[in-house]
Structures are given as C-alpha cells and as structure tokens.
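Going from the sequence shown to the working numbering is simple: count from 1 and add 72.
Backbone N, C-alpha and C define an ideal beta-carbon position, used for all residues, glycine too.
One structure is given here, and the rest of the page talks about it.
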Amino acid sequence: MNDVATALGRLEELAIEVPSWAYGNSGTRFKVFGTPGTPRTVQEKIADAAKVHELTGLAPTVALHIPWDKVDDYAALKGYAAGLGVGLGTINSNTFQDDEYKFGSLTSSSDAVRRRAIDHHFECIDIMHQTGSRDLKIWLADGTNYPGQDDMRGRQDRLAESLQEIYARLGEDQRLVLEYKFFEPAFYHTDVPDWGTSYAQTLALGEKAFVCLDTGHHAPGTNIEFIVMQLLRLGKLGSFDFNSRFYADDDLIVGAADPFQLFRIMHEVIRGGGFGSVSGKESGVALMLDQCHNLEEKIPGQIRSVLNVQEMTARALLIDTAALAEAQRTGDVLAANAVFNDAFYTDVRPMLAEWRESRGLPADPLAAFKASGYQKQINEDRVGGQQAGWGA
Ligand code: PSV
Ligand code: MN
Ligand code: MN
Numbered sequence: 073m074n075d076v077a078t079a080l081g082r083l084e085e086l087a088i089e090v091p092s093w094a095y096g097n098s099g100t101r102f103k104v105f106g107t108p109g110t111p112r113t114v115q116e117k118i119a120d121a122a123k124v125h126e127l128t129g130l131a132p133t134v135a136l137h138i139p140w141d142k143v144d145d146y147a148a149l150k151g152y153a154a155g156l157g158v159g160l161g162t163i164n165s166n167t168f169q170d171d172e173y174k175f176g177s178l179t180s181s182s183d184a185v186r187r188r189a190i191d192h193h194f195e196c197i198d199i200m201h202q203t204g205s206r207d208l209k210i211w212l213a214d215g216t217n218y219p220g221q222d223d224m225r226g227r228q229d230r231l232a233e234s235l236q237e238i239y240a241r242l243g244e245d246q247r248l249v250l251e252y253k254f255f256e257p258a259f260y261h262t263d264v265p266d267w268g269t270s271y272a273q274t275l276a277l278g279e280k281a282f283v284c285l286d287t288g289h290h291a292p293g294t295n296i297e298f299i300v301m302q303l304l305r306l307g308k309l310g311s312f313d314f315n316s317r318f319y320a321d322d323d324l325i326v327g328a329a330d331p332f333q334l335f336r337i338m339h340e341v342i343r344g345g346g347f348g349s350v351s352g353k354e355s356g357v358a359l360m361l362d363q364c365h366n367l368e369e370k371i372p373g374q375i376r377s378v379l380n381v382q383e384m385t386a387r388a389l390l391i392d393t394a395a396l397a398e399a400q401r402t403g404d405v406l407a408a409n410a411v412f413n414d415a416f417y418t419d420v421r422p423m424l425a426e427w428r429e430s431r432g433l434p435a436d437p438l439a440a441f442k443a444s445g446y447q448k449q450i451n452e453d454r455v456g457g458q459q460a461g462w463g464a
C-alpha cells in the first residue's frame with residue numbers, strides 16, 4: 073500500500089461543500105417529519121453548516137438554492153458566513169417550483185416561460201457576483217410524461233439556445249455546471265437525462281461549462297466511476313452532488329449505501345487529476361453533497377457525510393498505484409484486484425482521528441457535537457423551523 077503519511081498528507085486538499093437545504097426539514101411525498109431546532113432562516117442554515125466545518129475541518133463552503141435562500145443583501149450574507157468561518161459556494165437555480173414551469177423551463181415552447189427561466193439564471197449570476205461564488209448549477213425538472221406529449225428534438229434545441237444566453241452572461245471566473253438525472257419528476261423522458269446529453273450541451277457552450285454528476289441520478293447498476301473517468305478524461309467534470317441511493321433519487325447519506333462505490337469513485341477522481349490541487353493548481357472538480365435528512369438529525373447527518381467522504385478518500389489515496397500498474401501490465405487480474413481491496417479494507421479511522429487531533433480538531437466530531445450542547449441550544453432557540461428549501 074501507499075505510504076500512510078503521504079496519503080494522509082493529501083487529505084489537506086479535501087474540501088466538501090455542504091448544501092443549505094440539508095439543514096431544513098425534508099421528507100417524502102407521504103410525510104415530512106419536523107425536527108426540533110430546524111433553521112428558520114438561511115443564516116441559521118449557514119450557522120449549522122459552520123458547526124460541521126468547525127468540528128471536521130472538511131466543509132469550508134455552503135451551497136445556496138435560489139429562491140429558497142433568497143435575501144436582500146448577499147454581500148452581508150457573505151460577511152455573516154465569513155464571520156462563522158465558512159464561505160458561500162455554488163448557487164443552485166430553481167425552475168421547478170413555479171406553476172409557469174409545468175411544461176418545462178429552459179426547454180419550454182413558450183417564449184415567455186423561457187424568458188422567465190433565463191432571467192432567473194441571470195439573477196443567480198448577479199447573486200454569484202455578490203457572494204463570490206464560482207459555480208452556477210443548473211438542474212432542470214424539464215421533461216414529459218407521455219410519448220408524443222412534446223417534440224423532444226425541439227426541446228433540446230431550445231435548451232441549447234437558452235443555455236447559450238445564460239452562458240454568455242457568466243463572468244470571467246464563473247462556471248456553469250449542468251446536472252443530469254434520468255427520471256423524476258418527468259417519467260417518460262427527461263431533457264437532460266444522462267452525462268452524454270450534459271456533455272454535448274456543455275461542450276457546445278464552451279470551456280466554462282461543465283457536467284455535474286449527482287451520484288443518485290443513474291439507473292441501478294450504472295458504473296458511475298466509469299462516467300467519472302470519462303468526464304475527467306474529456307476535461308468536463310465540473311462537480312459532484314454526492315449522496316446514496318438504494319432505489320431512486322433517495323438522497324441518503326453519501327457512502328451509507330455503498331462505501332465501496334464511493335471508494336471507487338474517489339479513486340477515479342484522484343487517478344484523473346480531479347482531486348484537490350494538482351501541481352499547485354486547483355483541479356476544479358467541486359465535491360458537493362446533495363442530501364436530505366428525513367429521519368436522522370441534520371447536523372450529525374452532515375458530519376457523518378463529510379467523514380464518510382474523507383474516509384473513502386483516505387482509503388483511495390492508500391492504493392498502491394505502482395503495484396496496481398504492474399499487475400495490470402502483466403495481466404495479473406487477482407493481484408490487481410487485491411491491490412484495490414487491500415486499500416479498501418484498511419480501517420483508516422484511527423489514523424484519521426490522529427490526523428484530526430494533530431490539527432486541533434476533535435478526534436471524534438460526532439461525539440464532540442453531542443457534547444457541545446449546540447443541538448439543545450437550537451432546539452430551545454428555534455421555534456417553527458421550515459421544510460427544506462421552502463422559503464428563506
Ligand atoms: C434534483 O433531484 C436535485 O438533485 C438537484 O440537484 C436539485 O437542485 C436538488 O436535487 C435539490 O432539490
Ligand atoms: Mn443534485
Ligand atoms: Mn437529486
């Protein structure tokens with residue numbers, strides 16, 4: 073295996089962006105169970121996110137969703153976040169809540185609806201200038217439910233035109249990331265269903281446009297790490313939305329359902345030069361979470377999530393790449409597979425606890441959170457929390 077000190081040294085480069093909406097109440101279409109202490113404002117969501125960073129050192133930025141996290145003064149919000157030790161990250165647009173978007177947004181055949189959707193993205197870009205955010209993330213609920221319901225080709229052409237307008241508005245250092253999802257809320261066809269469509273659309277836009285890979289947005293059995301490899305190879309992997317799925321877009325804690333898959337993904341990220349700083353240059357692949365905590369407490373849920381990413385990254389960094397390359401070169405199938413497994417089955421938790429302590433962080437962030445009294449305090453202070461995302 074790789075030298076542990078070298079591997080853990082690279083962990084310094086790990087930064088995970090947490091979503092503001094993970095701190096709000098969420099649920100299924102059957103029931104949203106409220107939890108005490110739920111944030112009532114975006115400031116409270118940021119305060120909770122800052123707690124995760126304070127205890128783990130892993131989550132320096134918070135992604136916002138507009139209009140869920142709409143405020144009057146974004147510069148002030150940025151200052152507020154900085155005061156708590158975190159920054160504002162990706163701005164997520166939202167064209168899936170308004171009645172006007174019933175038949176689509178950027179793909180709509182109505183000029184007025186398309187205009188509204190494009191203008192919303194302009195507003196998001198204006199916000200990015202104030203928050204200092206690099207990435208505009210676009211996920212579209214656009215699609216149809218029945219064969220023949222609409223002209224798929226026309227929708228794809230209109231999508232390209234709409235994206236072009238949005239892209240042209242980006243600042244010098246800003247990027248657009250286009251997220252794909254194979255189904256839901258549309259059930260017959262989705263306008264950006266797969267990485268190929270996202271790749272084709274972002275390739276046509278230019279070098280500031282990338283693909284966002286949400287790990288929960290694939291058909292069962294999809295080899296996600298292959299997609300990671302391919303997008304990195306093509307220079308078009310912009311970001312991840314990490315979460316776990318058992319069945320559909322479950323949005324469960326990353327690494328909970330299949331830690332081995334997360335390990336394999338992180339291996340390809342590292343292998344493809346997408347991890348941390350490569351030759352002193354930021355690689356550009358943003359590692360974000362896109363999760364909801366329907367049953368478990370939200371802050372510990374987020375702490376667990378970032379620790380899972382750290383753990384699988386550490387294991388992936390332990391892969392003896394020289395031994396792997398040699399086994400691959402000589403066609404030694406079992407030896408190559410054993411190199412992978414040796415790293416995956418290494419329990420890195422004691423090493424990570426030491427790593428944290430050496431940086432003045434709690435060895436056990438979950439225990440430290442429990443002991444901090446923070447949850448008790450917010451349970452008392454915050455009355456009337458809101459469902460994730462629904463209003464500020
Ligand atoms: C859609 O399922 C998605 O993954 C997109 O990233 C949204 O912005 C996010 O969930 C939150 O609803
Ligand atoms: Mn997502
Ligand atoms: Mn999703």
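Residue i: first and last residue of the uninterrupted alpha helix (DSSP H) it sits in
i, result
"residue 276", "267–277"
"residue 123", "114–128"
"residue 373", "370–389"
"residue 342", "331–343"
"residue 159", "Residue 159 -> not in any alpha helix (DSSP H); beta strand (DSSP E) instead, spanning 159–164."
"residue 80", "76–81"
"residue 300", "296–305"
Residue i in three-state terms, based on DSSP
i, result
"residue 229", "helix"
"residue 256", "coil"
"residue 430", "coil"
"residue 134", "strand"
"residue 455", "coil"
"residue 324", "strand"
"residue 402", "coil"
"residue 446", "helix"
"residue 151", "helix"
"residue 289", "coil"
"residue 316", "strand"
"residue 463", "Because residue 463 carries a pLDDT of 46, less than 50, the predicted location of this residue cannot be relied on, and no value is offered for it."
"residue 261", "strand"
"residue 84", "helix"
"residue 216", "strand"
"residue 94", "helix"
"residue 242", "coil"
CB-CB length for residue i against residue j, believed under 8 Å
i, j, result
"residue 361", "residue 94", "7 Å"
"residue 346", "residue 406", "That pair is no contact at about 28 Å."
"residue 411", "residue 395", "5 Å"
"residue 301", "residue 344", "6 Å"
"residue 135", "residue 91", "5 Å"
"residue 416", "residue 335", "5 Å"
"residue 87", "residue 359", "7 Å"
"residue 314", "residue 326", "4 Å"
"residue 251", "residue 297", "About 18 Å separates the two Cβ atoms, so there is no contact after all."
Sheet register partners of residue i (DSSP bridge)
i, result
"residue 247", "207"
"residue 311", "284, 358"
"residue 349", "354"
"residue 99", "104"
Span of the beta strand (DSSP E) around residue i
i, result
"residue 411", "Counting along the chain, residue 411 falls outside any beta strand (DSSP E), though it belongs to the alpha helix (DSSP H) covering 405–416."
"residue 91", "88–91"
| said: For the structure I just gave you, are there three or more beta carbon pairs, one from the region 238–247 and one from the region 285–299, closer than 8 Å? | reply: no
| message | Assess contact between the region 255–266 and the region 324–338, defined as three or more Cβ pairs (one per stretch) separated by less than 8 Å. Is contact present? | response | no
| message | Does the contact criterion of 3 or more C-beta pairs under 8 Å hold for the region 277–288 versus the region 376–391? | response | no
| Within the chosen definition, does the region 440–460 reach the region 95–115 through at least 3 CB pairs nearer than 8 Å? | yes
| query | Does the region 185–194 come close enough to the region 142–156 that 3 or more CB-CB pairs lie under 8 Å? | reply | no
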